[in-house]
Ligand SMILES: *Cc1c(COP(=O)(O)O)cnc(C)c1O
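In this note's numbering, the protein residues as written are 1 to 388.
In structure tokens form, the structure reads like this:
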């Protein structure tokens, strides 16, 4: 049998600490390895395969588009991209969409829009972007600068200047930073994903949104992980009474193909003009056709089912032996375990359940349409694995 792990180590850049598993196919919430063993996958490729592996409707939409046109560049109009932009705007009230290929790129566009808006309305010295400590916004040098975790920054200096980090949830500190630094925008995740599935308090979000509005600062919500139904609302900001100026998203939007989107609200809808930004692959028709199949199914009924599954998870894990806290919303759940999280993940894998971690927590991101029975089976395994 081919030793894929050895070949990977020989030829693939060593940037990933992978789980000891080679996956070869999947169906719904089940992933199968090269030995034919099946696993209930509660990771969805990090919140990407929103309707599971090879979802029939998504696959049909992608295959149909593949047979028509796989790429044109943005020099031409293509229908899937335009239809997807329209659906995103209709479902959110945002005005325009820029398409890219990843979460980091979606954030890059958000930051460029905020800086240009501020430069035009207030002056070029208003370039600062305030982000939160413990945040995650991507791996490019600019989105790394936005990411409020120092350990990602070491050895890659200098990063893009103009980013200021304030403690998550500390409104006074944020207000102080806005006073001190000429500010173009505020960028935040309503639930910090990579930071450990930590939700912000509603009051902090409301005050921050009010401050941004009052000072004409561009409020950007990073919905790369939390977006596209993941938290039981289409976008996580919809749990709160706030209206961002910019929403960036990616991960689940394409259902498994690379697609990023930056949604521009009324304030910034016309900021980016010809030549200001662009992408060769962005808005790829095959990715957009798949995304249309995903997004069109995220209606109120479906999102309520996501919230019902959150209730199932909480019922199984809250107060269970070895479980110290359950955080998050919908099907983006963090579990603080008494045992080291790596040990819990390994024990689950041995029992046929794949889980992820975020910082010191177990992170559950199952497909949004995971059947209740499979979820319950997986939760029983997790409960066992958490016991001392
Ligand atoms: C994953 C993630 C990103 C980066 O997305 P990529 O597609 O890996 O570039 C940015 N922000 C948040 C909140 C994320 O979870």
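Ideal Cβ positions, reconstructed from N, Cα and C, are used throughout, including at glycine.
Three-state class that DSSP yields for residue 30 in the structure shown
strand
Are the CB atoms of residue 42 and residue 364 nearer to each other than 8 Å?
Contact: yes.
From the DSSP output, which residues share a beta bridge with residue 198?
192
Looking only at C-alpha atoms, which of 292, 121, 28 and 349 sits nearest to residue 49?
Minimum Cα distance to residue 49 is reached at 28.
CA-to-CA distance, residue 65 to residue 150, given in whole angstroms
43 Å
In whole angstroms, what separates the C-alpha of residue 90 from that of residue 297?
14 Å
For my contact list, residue 22 and residue 4 are in at a C-beta cut-off of 8 Å; report their separation, rounded to the angstrom.
5 Å
If I measure Cβ to Cβ from residue 71 and keep anything under 8 Å in the same chain, skipping five residues before and after, which residues do I get?
If we look at residue 71 and ignore the five residues flanking it on each side, its Cβ neighbours are 281, 284, 285 and 286.
If residue 127 and residue 118 are in contact, beta carbons under 8 Å, what's the gap, nearest whole angstrom?
7 Å
Given a cut-off of 8 Å on the beta-carbon distance, is the pair residue 279 and residue 101 in contact?
Closer than 8 Å, so yes.
Element boundaries [alpha helix (DSSP H), containing residue 261]
From DSSP, residue 261 is part of no alpha helix (DSSP H) but of the beta strand (DSSP E) over 260-264.
Identify the continuous alpha helix (DSSP H) that holds residue 272 and give its terminal residues.
It is not in any alpha helix (DSSP H) - residue 272 carries neither H nor E in the DSSP assignment.
Is the beta carbon of residue 103 within less than 7 Å of some heavy atom of ligand 1?
Within the cutoff, so yes.
Burial state of residue 124, where buried means 16 or more other Cβ atoms lie within 10 Å:
The residue in question, residue 124, is exposed, as its Cβ has fewer than 16 Cβ neighbours within 10 Å.
Is any non-hydrogen atom of ligand 1 found closer than 7 Å to the C-beta of residue 224, if you look at the structure I gave you?
yes
Here's a check: name, in chain order, each residue in its chain whose Cβ is nearer than 7 Å to the Cβ of residue 233, leaving out the five neighbours to either side.
239 and 303
Nearest-angstrom Cα separation, counted from residue 215 out to residue 267
13 Å
Extent of the continuous alpha helix (DSSP H) to which residue 383 belongs
Counting along the chain, the alpha helix (DSSP H) containing residue 383 begins and ends at 372-386.
Residue of 131, 254, 265 and 8 minimising C-alpha distance to residue 200
131
If you draw a straight line from the alpha carbon of residue 26 to that of residue 367, how long is it in whole angstroms?
12 Å
Cβ atoms of residue 260 and residue 372: under 8 Å apart, would you say?
no
Is residue 272 near residue 247, with beta carbons less than 8 Å apart?
no
Please specify which runs of the beta strand (DSSP E), each continuous and at least 3 residues long, are wholly inside the stretch 79-126, giving them in chain order.
Counting only runs that start and end inside the stretch 79-126, the beta strand (DSSP E) elements of at least 3 residues fall at 96-100.
Under 8 Å between C-beta atoms of residue 255 and residue 290:
yes
Cβ of residue 251 versus every heavy atom of ligand 1: is any distance shorter than 7 Å?
yes
Residue(s) in a DSSP beta bridge with residue 328:
333
Check whether the Cβ of residue 241 lies closer than 7 Å to any heavy atom of ligand 1, and answer yes or no.
Checking every heavy atom of ligand 1 against the Cβ of residue 241, none is found closer than 7 Å.
Which value, in whole angstroms, describes the spacing of the CA atoms of residue 217 and residue 76?
Roughly 34 Å between the two C-alpha positions.
Taking all protein chains shown into account, do 16 or more other C-beta atoms lie within 10 angstroms of the C-beta of residue 78, making it buried, or fewer, making it exposed?
Residue 78 is buried by the Cβ-count criterion.
At a threshold of 7 Å, does residue 384 count as lining ligand 1 (C-beta to nearest heavy atom)?
With a cut-off of 7 Å, the C-beta of residue 384 is classified as distant from ligand 1, since no heavy atom of the ligand falls inside that distance.
Taking Cβ positions, are residue 185 and residue 225 nearer each other than 8 Å?
Taking the C-beta atoms as reference points, residue 225 is found no nearer than 8 Å to residue 185.
Taking Cβ to Cβ, would you say residue 236 is nearer than 8 Å to residue 329?
At a Cβ-Cβ threshold of 8 Å, residue 236 and residue 329 count as neighbours.
Ligand 1 and residue 165: does the residue's C-beta get closer than 7 Å to at least one heavy atom of that ligand?
no
Could you pull out every residue in the same chain whose Cβ sits closer than 6 Å to the Cβ of residue 98, ignoring the five residues on either side in sequence?
Cβ-Cβ distances below 6 Å link residue 98 to 109 and 262 in the same chain, with the five nearest sequence neighbours on each side left out; the list follows chain order.
Should residue 312 go down as buried or exposed, given a rule of 16 or more other Cβ atoms within 10 Å for buried?
Classification of residue 312: exposed, given that the 10 Å Cβ count is below 16.
Return the chain-ordered ranges of every alpha helix (DSSP H) run that is complete within the stretch 19-76 and spans a minimum of 4 residues.
44-47 and 56-66
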